[in-house]
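Protein chains in written order, with my numbering: chain A, 34 to 533; chain E, 34 to 533.
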């Protein structure tokens, strides 16, 4: 069902584009400067329980084609605006999960609609190129103006990919290639290596490993999955690699109240990392790279200190392993910095930084040495999608123009303060409130309570995500303001007050 | 540089959309019914050697960001039309490689531009959903009208993915899950399985394998790569799995002249397949699935007979392995059937059929039993991209309206006849012409000659692809007509006549 509201909005936008050439057109810049708060709704508005009857009927239809066990409800994206997601039954919810944290500046942001209606952009959507062999004329410019304008410290090279898993898989591959090139002294591979790699055997396909952390999530293709250890359902029945898995620090919150205890826990984990690197080298599966999230997300919103990451980075350097920071979920401004690793204050934070979700395209940055020595080693048909880079450029413009990182910091403080207040008020239900920017979380006393709170909240117009065993995670868009924080806290408070 | 031609074309299209509501607008249907032949150029037109000076300058710029060793030249996609690719130096080439076989109906097809300028479609581009949890209202309808309208025989289920590698990785995963569920009698996994899978160990992460073929290409993420055996540069330095690799038949061409010899060769390979299945079961790594391309593409355009595939499918059934047909390159009409496996004439051709490229979205069809028993087992953030489904629906409309499969069959016959004539005329240079539809190939006497012919052709306005060791592959769009075949053959003939 086409939305009349959006259609009207778009018709205006199309007319504005068409009158660009006409002198004195007073509508041209209005769409561009309109902020999302002028554009969006004021509050949630609920008409049925969720999923409503229309969602249920569509679920039945889709169930003929796919497993729909994970579907929450069906959406009317045309009518959704800013922080508010509208479903097919006309329910309008404050969305603090944002398509698993992948909507950067809210639904139907006018700036993004403008990208769609700019005639100069049509070709990028209609003719998807094989970027690795036949890039479009503006490709270097678009990379400079989008991804390279936000490159992590020490990195001037970036490779786009289609999704988060492909980004991490190819980052792993570039670490393996880099590691083996070092080992063979940058000489050409031997005939034996060339021969054995064709039949999956060592030394051509060497027994190298990636060290990952318990609780980590890096994706679901088979390389990424071997570094993922968040939930059994992701990994069960899929063959894997014998790679080392270190403990991720289990910290106590609020962090500032448990400085000494947390430092001890982090020291224990770092010691284990070094032990594992030595052990795996001894058993003939040397660690080519270490991969870690700045905050473990899917695994339960687990934090560690800047000191931990700084020391881990040094351990990687000391043992000749590449250091890969997976910012697929933490990147894009949600922690109040564009990259979560900026909070560590390091000039040389990583060898590889991967991204996806809020960046709208997958990919990874890397230091110069990590660039493959030959073409076609890191390659596939599409290698990303230039139409996503167009949207990303505009998202970055909006972030800068509307100072959204400051906004995130402000809203994040209000959100965390509110969560502290709630857990003080309901200590038998909630604990361990934690967060950076709006990347916040709180634990329920058990998974059943967590799930019950989430369902009640949804029926009252607040859509949240879960992670870990009993955690609620908050992943609003960057346009989530203090005003929305108070809406969220009010709904949560009402539910908790009624909770038995 | 924005193209004035395209901008004009688009401005007209936008105006047409805007006047949809106005009565009696005589432009509305013109764009829709315009065929690509009315729209495109007449012939190649060359201004510089390729890559020209502008491409070289852009290559230098992009070289600061990425390895550009695989870049041929930079393109002006705005000015490209139908079968003709225009580069940034103003060279216009007949393109029979089409972005590694991924452009289905030519550049800037008016029908696809119309998708972009339809206000009802904007939301699908601007709000990319997490399809697995919050699908849009029209998602089941769009799947029925696009992917399910072309579903392979026996399959009514489809899962979209972002690219070819993700499609094959997830198809492999669904075969592993299916296989283990069978093995445990559809009972719940044991505590030991749930525990061990979290640390990458058996039995939770079982020692299962996928049987693939020498010369195969199934993608470059680590699961796919373990089933890929086309070129060493793809696999070198990347850890892999101990999975069985069977020989793919090495047939003699033309197929109809070597029926007996080829049947013997195919029997030899099938015998080896059965031996490997038994051997890998004995060594504790049972074959959960067999994966094969209907025509090995990247590996050198290697064909096999319908009888071979039919017997292979029976072997899979006999040994309880899933049978996965990878149609990422062969699918989408290029062989004259929508799926290459239709040429086998089987009612039950496969358990899984994967696709990408010309389908514009990745994904795979599967039989009911291959659907995972629980949600979140086959899952990721985006699980495809509904905006690609919109384009695919329109591509399918064009294929039907313009009878493009018949066109492909006609052009393919003309192309293959022409290649036969050329190899007869230049037997010291060319041999082994082969093909199905326009999915054609011919071998040069060695790789240096092949590469030299391709570069000369490019400078004369014919852009082709290579595969295998010394093969030229033809992968035109479905709008490639007999008229274009003659252009191609004329250029090739001129080059061969001059070839020393």
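All C-beta atoms, glycine included, are put in the ideal place defined by N, C-alpha and C.
Computed from a predicted model, the values in this text were never measured in an experiment.
Taking Cβ-Cβ distances shorter than 9 Å, what residues in chain E pair up with residue 189 of chain A? 97 and 98
State yes or no: is the beta carbon of residue 407 of chain A nearer than 8 Å to at least one beta carbon in chain E? yes
Beta-carbon proximity check, residue 411 of chain A vs residue 321 of chain A, cutoff 8 Å: no
Any beta-carbon of chain A closer than 8 Å to the one on residue 513 of chain E? no
Determine whether the Cβ of residue 202 of chain E lies closer than 8 Å to any Cβ atom of chain A. yes
Report the option in A:373, A:474, A:519 and A:195 whose CA atom is closest to the CA atom of residue 498 of chain A. A:474
I'd like the span of the alpha helix (DSSP H) that includes residue 93 of chain E, first residue to last. 86 to 96
With a 10 Å radius around its C-beta and 16 neighbouring C-beta atoms as the bar for buried, classify residue 96 of chain A as buried or exposed. exposed
Where in the stretch 204 to 275 of chain A do unbroken runs of the alpha helix (DSSP H), each at least 4 residues long, occur, reported from the N-terminal end onward? 224 to 230, 255 to 258 and 265 to 268
Beta carbon of residue 207 of chain E nearer than 8 Å to that of residue 403 of chain E: yes
Residue 495 of chain A, buried or exposed, once every other Cβ within 10 Å from all chains shown has been counted against 16: buried
What in chain A is Cβ-close to residue 196 of chain E, meaning under 9 Å? 194, 195, 196, 199, 413, 414 and 415
Between the stretch 102 to 115 of chain A and chain E, which residues of the former have a C-beta closer than 8 Å to a C-beta of the latter? 102, 103, 104, 105, 106, 107, 108, 109, 110, 111 and 113
Counted within 10 angstroms of its Cβ, other Cβ atoms place residue 480 of chain E as buried (16 or more) or exposed: exposed
Buried or exposed for residue 381 of chain A, going by 16 or more other Cβ atoms inside 10 Å? exposed
Which residues, in order along the stretch 165 to 179 of chain E, keep a beta-carbon less than 9 Å from a beta-carbon of chain A? If the cut-off is 9 Å between Cβ atoms, the stretch 165 to 179 of chain E has 165, 166, 167, 168, 169, 170, 171, 172, 173, 174, 176 and 177 near chain A.
For residue 465 of chain E, which of helix, strand or coil comes out of DSSP? strand
Would the stretch 157 to 167 of chain A count as touching the stretch 353 to 370 of chain A if we require 3 or more Cβ pairs under 8 Å? In short, these stretches do not touch, since the Cβ pair count stays below three.
Span separating the alpha-carbon of residue 511 of chain A from that of residue 437 of chain A: 6 Å
For the 8 Å Cβ check, are there 3 or more pairs between the stretch 438 to 456 of chain E and the stretch 296 to 314 of chain E? no
Label residue 347 of chain E either buried or exposed according to how many other C-beta atoms from any shown protein chain fall within 10 Å of its C-beta, with 16 as the threshold for buried. exposed
Does DSSP put residue 501 of chain E in a helix, a strand or coil? Residue 501 of chain E falls in the coil class under three-state DSSP.
Beta-carbon spacing of residue 249 of chain E, residue 202 of chain E below 8 Å: The answer is no: Cβ separation not under 8 Å.
Output the distance between the C-alpha atoms of residue 48 of chain A and residue 114 of chain A, rounded to the nearest integer angstrom. Because residue 48 of chain A carries a pLDDT of 39, less than 50, the predicted location of this residue cannot be relied on, and the following value inherits that uncertainty. Looking at the two C-alpha atoms, the distance is approximately 21 Å.
In the stretch 200 to 227 of chain A, which residues sit with their C-beta less than 7 Å from some C-beta in chain E, listed in chain order? 202, 206, 209, 210, 213, 222, 226 and 227
Going by DSSP, which residues form a beta bridge with residue 110 of chain A? For residue 110 of chain A, which the question treats as bridged, DSSP gives no partner whatsoever.
Determine the direct distance from the alpha carbon of residue 487 of chain A to that of residue 365 of chain E, and round the result to whole angstroms. 43 Å
So the candidates are E:431, E:123, E:171 and E:99; which of them puts its Cα closest to the Cα of residue 492 of chain E? E:123
Please work out which residues of its chain come closer than 7 Å, Cβ to Cβ, to residue 145 of chain A, disregarding the five sequence neighbours upstream and downstream, and give them in chain order. 424 and 427
If you drop the 5 nearest sequence neighbours on each side, which residues of the same chain put their C-beta closer than 7 Å to that of residue 285 of chain E? The residues are 291, 294 and 295.
Whole-number beta carbon distance between residue 220 of chain A and residue 414 of chain A, since they are thought to touch under 8 Å: Actually they do not touch by this definition, with Cβ atoms about 31 Å apart.
When you compare each of A:273, A:431 and A:231 to residue 230 of chain E by their alpha carbons, which one comes out closest? For the residues A:273, A:431 and A:231, the minimum Cα distance to residue 230 of chain E belongs to A:273.
Of all the residues that make up the stretch 268 to 283 of chain E, which are near chain A by a beta-carbon distance shorter than 8 Å? 268, 269, 270, 271, 272, 273, 274, 275, 276 and 278
Should residue 443 of chain E and residue 515 of chain E be called a contact, given that it needs their Cβ atoms to be closer than 8 Å? yes
Would DSSP call residue 516 of chain E helix, strand or coil? Assignment of residue 516 of chain E by DSSP, reduced to helix, strand and coil, places it in the helix class.
Say whether the stretch 100 to 116 of chain A touches the stretch 130 to 146 of chain A, bearing in mind that this needs 3 or more beta-carbon pairs closer than 8 Å, one atom from each stretch. Enough Cβ pairs lie closer than 8 Å, so yes.
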